[in-house]
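Trainee:
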Amino acid sequence: MAVEIRTLTGEELKTALADLAHLRISVFRDWPYLYDGSADYEAKYLQRYAQSDGAVIVGAYDGGKLVGAATGEPLRKELEAFRAPFEARGFSCGDIFYMAESVLDPAWRGQGIGHRFFDAREAHARQLGFGKAAFCAVVRPDDHPLRPQSYRPLDTFWRKRGYEKLDGLIVRFPWKDVGDTRETEKPMQVWFRSL
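For the sequence shown, the residue numbers in full-length UniProt numbering are 1 to 195.
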């Protein structure tokens, strides 16, 4: 299967937000995020990219259909929940490009698209003058009842990309899990590298 990778900024980025919302709801419903999303929440959450200088969506397209996407923006433009743990540890948010979500339809996995997402976001960050990048990944207990037996963490992939965990640097962000009636905060481990 052939996929086209496009780096979207400005008006192209804004046009892709609705498709990104649908993809996030679908992909993040699975382990480990277990996200019970809604179109209304997504519209509000993703709007920050439309208003952020430096924001990017790297889209994977099958024809005209968005089958995967990875986002990013300068950390100083991110929500406070993402910035605050960095600031508390003495990091300058103005120096770091934040690699936000990365979602890919399961039918397209295992074809190197994840690497292409990182390549494009890192190139975008360098073009903007950033020398550091970070992202965070949800932390779930190994004995969680919804953890699939076949689940393999992506730690090895991220380390091959040059990222390492920043020990003790945890972002806490709320969302509603599948089967829950309200949002609860989830811990998310920060990964970091110099570009």
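A virtual CB, placed ideally from N, CA and C, is assigned to each residue, including glycine.
Using alpha carbons as the reference points, say which of 12, 35, 88 lies closest to residue 180.
Mentor: Of 12, 35, 88, the residue nearest in Cα terms is 35.
Trainee: Run the CB neighbour count on residue 88, radius 10 Å, all protein chains shown included, and call it buried at 16 or more, exposed below.
Mentor: When all chains shown are included, residue 88 counts as exposed.
Trainee: Report the rounded CA-to-CA distance for residue 134 versus residue 171, giving the unit in angstroms.
Mentor: Taking the straight line from one Cα to the other gives about 12 Å.
Trainee: Assuming residue 98 is part of the beta strand (DSSP E), what are its boundary residues?
Mentor: Its beta strand (DSSP E) spans residues 96 to 104.
Trainee: According to DSSP, is residue 38 helix, strand or coil?
Mentor: Residue 38 falls in the coil class under three-state DSSP.
Trainee: Does the count of Cβ pairs from the region 144 to 152 and the region 98 to 114 closer than 8 Å reach three?
Mentor: In short, these stretches do not touch, since the Cβ pair count stays below three.
Trainee: If you reduce the DSSP assignment to three classes, tell me which class residue 61 lands in.
Mentor: It is a strand residue.
Trainee: Exposed or buried, residue 92, counting other C-beta atoms within 10 Å across all chains shown (16 or more means buried)?
Mentor: Result: exposed.
Trainee: Answer yes or no: do residue 95 and residue 132 have a C-beta to C-beta separation smaller than 7 Å?
Mentor: Their beta carbons are under 7 Å apart, which means residue 95 touches residue 132 by this criterion.
Trainee: Specify, as a first and last residue, the run of the alpha helix (DSSP H) that residue 159 falls within.
Mentor: Looking at the DSSP string, the run of the alpha helix (DSSP H) that includes residue 159 is 155 to 160.
Trainee: Is the beta carbon of residue 68 closer than 7 Å to that of residue 104?
Mentor: Against a cut-off of 7 Å, the Cβ pair of residue 68 and residue 104 comes out as a contact.
Trainee: Among residues of its own chain, excluding the 5 on either side of residue 42, which ones have a beta-carbon nearer than 7 Å to its beta-carbon?
Mentor: So the qualifying residues of the chain are 21, 24, 25.
Trainee: Is the distance from the Cβ of residue 122 to the Cβ of residue 98 below 7 Å?
Mentor: No, they are not a contact pair.
Trainee: Please list, in chain order, all residues of the same chain as residue 39 whose beta carbon is under 7 Å from its beta carbon, the five residues on each side excluded.
Mentor: So the list reads 21, once near-sequence residues are dropped.
Trainee: Assuming residue 33 and residue 138 form a contact by the criterion Cβ under 8 Å, report the distance between their Cβ atoms to the nearest whole angstrom.
Mentor: Yes, they are in contact, since the Cβ atoms of residue 33 and residue 138 sit about 6 Å apart, within 8 Å.
Trainee: Between residue 29 and the rest of its own chain, which residues show a CB-CB distance below 8 Å, the 5 nearest in sequence each way excluded?
Mentor: Same-chain partners within the cutoff: 35, 36, 37, 178.
Trainee: State the start and end residues of the unbroken beta strand (DSSP E) segment that holds residue 27.
Mentor: Segment 10 to 27 is the alpha helix (DSSP H) holding residue 27; no beta strand (DSSP E) there.
Trainee: Please list, in chain order, all residues of the same chain as residue 117 whose beta carbon is under 6 Å from its beta carbon, the five residues on each side excluded.
Mentor: The answer, listed in chain order, is 58, 70, 102.
Trainee: Quick one: give me the first and last residue of the beta strand (DSSP E) that residue 192 is part of.
Mentor: 183 to 194 is the span of the beta strand (DSSP E), which, as asked, contains residue 192.
Trainee: Between the Cα of residue 15 and those of 31, 4, 66, spot the shortest distance and give me the residue it belongs to.
Mentor: Taking only the C-alpha atoms, the option nearest residue 15 is 66.
Trainee: How about residue 173 and residue 81: are their beta carbons less than 7 Å apart?
Mentor: Taking 7 Å as the Cβ cut-off, residue 173 and residue 81 qualify as a contacting pair.
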